[in-house]
Structure formats: structure tokens, C-alpha cells
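Convert by adding 10 to the 1-based position in the sequence shown; the result is the number in this note's numbering.
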Amino acid sequence: MSQEIAVVGSPEFTTGFRLAGVRKFHNVPEAEKDDRLDEAVTEALDDEGVGIVVMKSDDLEHLSRQVRQRAETSIEPTMVTVGGGGTSGLREQIKRAIGIDLMDEDE
């Protein structure tokens, strides 16, 4: 079964992904993130048709401890955060998603 990408964040953040063809998204306006972001992330993580959830790394601060921990440790779907993580953050996300370190220089 093929899985889709879901994007969670402000309408400004999700628009680029929608224009690129991402069909699953949860718009949460900046002013409502403290109240609605937990619910949007939980819905995305619970969707069996989603393999990757994308959100801004800054938005992790708006999540409750429980939802944030679930997002950060989720294997399927894999949570990918954009911005602020640097290459080591991206490297860890790729390693967690596929189980191997593609950037390992020994191979």
C-alpha cells in the first residue's frame, strides 16, 4: 500500500506543499497553535494512509509533552521537521525512517 505525505502547520507553511501535490494537510493558524496543534498532529499520526508527517521544527514547542514525545519517536509515520535542525537532525530523521545511516562515511 502506498502512503502519502501529510503536512501540519500554518496555512502559509502548508501552501507550498499543497502546490507541490501534497493532498493531506492540517492548517492551524499561528494564533491557534497552542489550542489546536496537538489535535492536528495526532490526527496526522493516526492516519493509516500517511507515511511521513512534515511540520516546522519551531512548531514542536507548541505541542504538549505527550504529543511531542509521540511525534519525535514515531517510526510510522515518520515525523520530519523542517528548519532549524541542521544536517545532524535531518540525518537522524532519515536514519530513523529507513533504518540505516545513508551519510555514513565508512561505507
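Yeah, the Cβ is synthetic: ideal placement off N, Cα and C, and Gly gets one too. Treat the numbers as computed from the prediction; the structure is a model and nothing was measured.
- The count of Cβ pairs closer than 8 Å, one atom from the stretch 75–87 and one from the stretch 38–45, stays below three, leaving the stretches out of contact.
- In this structure the stretch 45–58 does not touch the stretch 20–28; the number of beta carbon pairs closer than 8 Å is below three.
- Beta-bridge annotation (DSSP): K43 is not paired with any residue.
- As DSSP reads the structure, V63 sits in a beta bridge with A16, M89.
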